[in-house]
Amino acid sequence: MRIQKLSLRITNLKMVIENRIKASVAKAIKELYGAEITEESVQLQLTRKDMKGDYTIVVFPLLKVSKKNPVQTGEDLGAYLINDCEEVSAFEVIKGFLNIQLSHAYWLELLNELVQDVEYGKTSATDDSPLVMIEYSSPNTNKPLHLGHIRNNLLGYSLSRIVAANGNNVVKTNIVNDRGIHICKSMLAWQKWGEGQTPESTGKKGDHLVGDFYVKFDQEYKKEQAELIEKGATKEEAEAQSPLMKEAREMLLKWEAHDEEVYGLWEMMNQWVYAGFDETYKMMGVDFDKIYYESDTFKTGRDMVLEGLEKGVFYRRDDNSVWADLQNDGLDEKLLLRSDGTSVYMTQDIGTAKLRYDDFSIDKMVYVVGNEQNYHFKVLAILLDKLGLEWGKDLVHFSYGMVELPEGKMKSREGTVVDADDLMKDMIDTARDMSKELGKLEGYSEEEAEKVFKTIALGALKYFILKVDPRKNMTFDPKESIDFNGNTGPFIQYTYARIQSIGRKAQEKGIVLPESASKDVELTDKEVQLMKIISNFPSVVAEAGKVYSPALIANFIYDIAKEFNQFYHESPIAVEEDEAKRDMRLVLCKNVGTVIKNGMWMLGIDVPERM
RNA sequence: GGUUCCGUAGCUCAGCUGGAUAGAGCAACAGCCUUCUAAGCUGUGGGUCAUGGGUUCGAAUCCCGUCGGAAUCACCA
């Protein structure tokens, strides 16, 4: 509670100064030119990195009222501000831009306020805060997770953190697609060719074992097709009469009828898969508060559709299938129940939504699902709305782009998928090799060191994925390993570890880490620059929460880490002889560390004390 | 064909509601460790922001056209 108030006050301090400058500009316009402008219309922005100054006022829009040229107008305003605003210490006009500098005392005051707040950037939720449910992951239980799932999981988890950091209550949820024809394929293949294999007997992870049988089915199916075509059947005929496919479909019917043998097999194989998924999720560092299974929700969906049918929201065709007519919404007609009464993908999502809203008092629902399903969610929103669930039309489809290989899309049938477990293992191996080569971590136990390797490896992977704009497709080249240098997770983690190291060294030297910095220290440009960036953190968090973008956080932390390293190289910190300067720099270090740590937390990335 | 999204350096990506000389990293080359962690820092080279128009004081950003790419429009999930 106390922390939240502190955060708000800090945001306010920055807002106070910004409002004061704007108000002062408006006052200046009135006194100098006799014109009225609103404070909000003043264009105030943080000055570009390469220019001198802290804040920039764009004067072009003011020329209409000043009736002077841009430079003259800027000079007038600057001269006025320096008298009217005590924090403004200097100004400079370049072209149509008025760059103003704030006093060092102002920046130090800001710094001193922030240093107390270890939760800086996060706003904690109360019981009255909105409840946001975030769905992500949503795997099928017929194959292991791959790179595409990694992007989904990391985005979903990071979003849950960002949304929480913006003062919301969050429920992370998962819908497991555990039924359907695709599941029956692996079951059938196991029955036919499995020879009783289990994860225990083969030493394979359960999800991989099941996935192997899914592939096996496809291979045998293709073989069978080729034989049929050789015997003179056309492609269509071969597909239609495929005995394997027929068996799989029969199996699905048996499953729906709760046939004991089929159902038992289904339960056993699903348990294998869940055990495998749990391991992968754990390694990835993601988790869920509530998991739904399609096998539990599809019937609710069917009931909802039948209810809608009674209410006249949907209609039934002659062949007994049920449809929604969305032509008035600018869309097409959509199938909701097949002619044999079985449900489709959409039916299941309707049921899941209903169950979720029965379970939780959800204010906002966010679905983290790939952009290939944009149409599906557009339809879902309309259907939920038509069914009288008022939250339906406001659902958020967090639509992210595909992960592509240099050759194009990943195709499981062509064996070009990048497996999630393999990828994470490779990353950890690389991190271990690299760390050992650099000879860090001396004095760490094997166990402690392994923990750090994992932190770095996962940091590299997560940052690599999260730093790109989620809406865009991204390319991943498995032949080129993910970097550990440059704009990467380990670079940021390294910066954090470096800051911690400075603190440790200072304490070893007997320096008591200061609570605050003296108000009248002279600041270098780089120091002001760092403070500027720090002050902007809450705005970035708010923006990231508004547009649902972990990439904003990622790029922001990279920026501060980069600035910090430059500062580190040009200024002594714990070894600075001037005590006031030294203490100020230590306070600055602590603030930068807090921002990095909290920012990385929002990405779901851990930071090591040493690396 | 309809709809939606995308096109920025050799490669991977930033660039916020329009603002200054379009930025990073990787790769290449040249420097910096007896001083707080060199997974770092400094420097060099590399761009018709796909393209043509429009809006305006100002466009990578907004609008329209064209070209190129992706997704989707299933009784698949």
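Read in this note's numbering, the first sequence has 211 at position 218, and its numbers run on one by one without any break. Every residue gets a Cβ at the ideal spot worked out from N, C-alpha and C, and that includes glycine.
Between the Cα of residue i and those of the options, spot the shortest distance and give me the residue it belongs to.
{"i": "K115", "options": "R154, L138, I598 and I143", "result": "R154"}
{"i": "A510", "options": "E473, E563, V9 and D576", "result": "D576"}
{"i": "K283", "options": "E33, Y350 and P399", "result": "Y350"}
{"i": "H142", "options": "G334, S130, S151 and S59", "result": "S130"}
{"i": "G597", "options": "T134, N529 and V156", "result": "V156"}
{"i": "V538", "options": "Q500, A158 and W594", "result": "The question names Val, yet the displayed sequence has Gly at residue 538. Of the candidates Q500, A158 and W594, the one whose C-alpha sits nearest the C-alpha of G538 is A158."}
{"i": "L299", "options": "T340, V279, W265 and Q320", "result": "T340"}
{"i": "G334", "options": "I449, L545 and L246", "result": "L246"}
{"i": "I176", "options": "V461, Y256 and N146", "result": "Y256"}
{"i": "T618", "options": "L101, N105, M238 and G278", "result": "The requested residue 618 is not part of the displayed model; the chain covers only -6 to 604."}
{"i": "A490", "options": "L434, P132, Y150 and N529", "result": "L434"}
{"i": "S605", "options": "W248, G199, D571 and D415", "result": "Absent from the structure is residue 605, since the part of the chain shown begins at -6 and ends at 604."}
{"i": "I75", "options": "M261, L431, K498 and A21", "result": "A21"}
{"i": "Q184", "options": "W259, D280 and A567", "result": "W259"}
Taking 6 Å as the limit between beta carbons, can you name the residues of its chain near residue i, skipping five residues before and five after?
{"i": "N480", "result": "Y551"}
{"i": "L(-1)", "result": "Residue confidence is low: L(-1) scores 44 on pLDDT, short of 50, so the model does not pin down where it sits. Its coordinate-derived value is still stated next. Correct list, in chain order: D110."}
{"i": "A83", "result": "Q94"}
{"i": "G67", "result": "V52, V86 and L91"}
{"i": "W221", "result": "Reading off the sequence shown, one finds Leu at residue 221, where the question assumed Trp. Once the five neighbours on either side are set aside, the close Cβ partners of L221 are A231."}
{"i": "Q493", "result": "E602"}
{"i": "V306", "result": "K379"}
What three-state label does DSSP hand residue i in the structure shown?
{"i": "S532", "result": "helix"}
{"i": "R(-5)", "result": "In this predicted model, R(-5) has a pLDDT of only 36, less than 50, meaning its place in the structure is not dependable enough to derive any value."}
{"i": "R154", "result": "helix"}
{"i": "V26", "result": "First, the amino acid is wrong: residue 26 is Tyr here, not Val. Helix, per DSSP."}
{"i": "R575", "result": "helix"}
{"i": "F370", "result": "helix"}
{"i": "V666", "result": "Given a span of -6 to 604 for the chain in the structure shown, any question on residue 666 remains unanswerable."}
{"i": "F391", "result": "strand"}
{"i": "Y541", "result": "coil"}
{"i": "A226", "result": "coil"}
{"i": "E128", "result": "strand"}
{"i": "M420", "result": "helix"}
{"i": "Q94", "result": "strand"}
{"i": "R309", "result": "strand"}
{"i": "L1", "result": "Confidence at L1 is low in this model, with a pLDDT of 48, below 50, so its placement is unreliable and no value can be given for it."}
{"i": "L506", "result": "coil"}
Mind reading off the beta-carbon distance from residue i to residue j? Whole number of angstroms is fine, and I expect it under 8 Å.
{"i": "V411", "j": "H139", "result": "6 Å"}
{"i": "L579", "j": "L506", "result": "6 Å"}
{"i": "Y338", "j": "N364", "result": "With a Cβ gap of about 16 Å, Y338 and N364 do not count as contacting."}
{"i": "K458", "j": "I589", "result": "According to the sequence as given, residue 458 is Ile; it is not Lys. Between I589 and I458 the Cβ distance is about 19 Å, and since that is not below 8 Å, they are no contact."}
{"i": "Y214", "j": "L237", "result": "5 Å"}
{"i": "D571", "j": "A98", "result": "With a Cβ gap of about 18 Å, D571 and A98 do not count as contacting."}
{"i": "L104", "j": "N584", "result": "6 Å"}
{"i": "G436", "j": "P483", "result": "Actually they are not in contact, since the Cβ atoms of G436 and P483 sit about 20 Å apart, beyond 8 Å."}
Quick one: what's got a C-beta closer than 8 Å to residue i's C-beta in the same chain, skipping five residues either side?
{"i": "E569", "result": "R575 and R578"}
{"i": "L124", "result": "N161, N162, V163, V164, F353, S354, I355, D356 and K357"}
{"i": "I174", "result": "A241, R242 and L245"}
{"i": "W186", "result": "F206, K209 and E213"}
{"i": "D470", "result": "L398 and P399"}
Which term fits residue i, buried or exposed, when burial requires 16 or more other beta carbons within 10 angstroms of its beta carbon?
{"i": "K502", "result": "exposed"}
{"i": "T31", "result": "exposed"}
{"i": "H390", "result": "buried"}
{"i": "Q559", "result": "exposed"}
{"i": "Q38", "result": "exposed"}
{"i": "P63", "result": "buried"}
{"i": "S194", "result": "exposed"}
{"i": "S438", "result": "exposed"}
{"i": "Q320", "result": "exposed"}
{"i": "K447", "result": "buried"}
{"i": "Y456", "result": "buried"}
{"i": "P399", "result": "exposed"}
{"i": "W594", "result": "buried"}
{"i": "S151", "result": "buried"}
{"i": "K525", "result": "buried"}
{"i": "S59", "result": "buried"}
{"i": "K136", "result": "buried"}
Just to confirm my understanding: we take residue i, look at its own chain, exclude 5 residues before and 5 after, and list those with CB closer than 7 Å. What are they?
{"i": "S336", "result": "F291, G294, R295 and L330"}
{"i": "N263", "result": "T134 and D171"}
{"i": "T40", "result": "G46, D47, Y48, T49 and N92"}
{"i": "A374", "result": "G385, K386 and L388"}
{"i": "R144", "result": "Y393, V396 and I458"}
{"i": "L328", "result": "S314, W316 and V337"}
Using 7 Å as the cut-off, classify the Cβ of residue i as near or not near the heavy atoms of the ligand COA, replying yes or no.
{"i": "S194", "result": "Absence of the ligand COA is noted for the structure shown, with no ligands found whatsoever."}
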